[in-house]
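In the numbering used here, the protein residues as written are 1 to 181. From the three backbone atoms N, C-alpha and C, an ideal C-beta is built for every residue, glycine too. All figures in this text were calculated on a predicted structure; none of them were measured in a lab. Reviewing the structure listed below.
Set out below in structure tokens:
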């Protein structure tokens, strides 16, 4: 049973492990690491052939260069991937504290899969807020009707058909709310 705004249920054959954007980001990091390694190897070969620097120190410098490149790429990748989640954690704490008007923000440098994730979270929060407002409205309607029924029942001659009709209306409203959300 599909509702408005919900994802249609269908069977999709998954052809890749994760989001294509994430795969592209990881592939870019790997390619950059390989290119940097090739560059370091070329520089060391040039130093050996041109200057005759065939020493163990060159091997140590080459290894340190590889380590530096891997660390640099790891910091870059974690900043792009983990950084937004720390920011989201802070913004979600604000929302939990009662600031429901805040939407989760997207930075320009965030990866596309993070932007999509934030957009889905914002639509979830928006629908949750709509549901909360409608639930509050339903709750106040039910309470007002129940108070009216209590007043009617306190009379000596209660109007039972009217109370039965009000209960029927309340049941319909509760079912409508449950079906909608």
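Remark: three or more beta-carbon pairs, one from each stretch, lie closer than 8 Å, so the stretch 26–36 and the stretch 62–75 are flagged as touching.
Taken through DSSP and simplified to helix, strand or coil, residue 106 comes out as coil. Note that the stretch 82–102 does not touch the stretch 146–155; fewer than 3 beta-carbon pairs, one per stretch, sit closer than 8 Å. Within the same chain, no residue comes within 6 Å of residue 119 by CB-CB distance, once the 5 residues on both sides are set aside.
Ranked by how close their Cα comes to the Cα of residue 80, the residues 141, 111, 142, 145 have 111 in first place. If you draw a straight line from the Cα of residue 52 to the Cα of residue 46, it comes to about 9 Å. Scanning its chain for C-beta atoms nearer than 8 Å, with the 5 sequence neighbours on each side dropped, one finds around residue 162 the residues 152, in chain order. With a minimum length of 4 residues, the unbroken runs of alpha helix (DSSP H) contained wholly in the stretch 48–125 fall at 56–81, 83–96. About 6 Å separates the beta carbons of residue 173 and residue 138, which is inside the 8 Å limit, making them a contact pair.
By the beta-carbon neighbour count (other beta carbons within 10 angstroms, threshold 16), residue 48 is exposed. Between residue 177 and residue 147, the gap from beta carbon to beta carbon reaches 8 Å or more.
Contact between residue 91 and residue 105 holds, since their C-beta atoms are separated by about 7 Å, short of 8 Å.
In this structure, residue 66 lies near residue 40, with their beta-carbon atoms less than 8 Å apart.
The straight-line gap separating the alpha-carbon atoms of residue 179 and residue 128 is approximately 15 Å. Per DSSP, the continuous alpha helix (DSSP H) segment holding residue 179 begins and ends at 160–180.
Pairing residue 62 with residue 44 gives a Cβ-Cβ distance under 8 Å.
The beta-carbon separation of residue 103 and residue 122, rounded to 5 Å, stays under the 8 Å limit for a contact.
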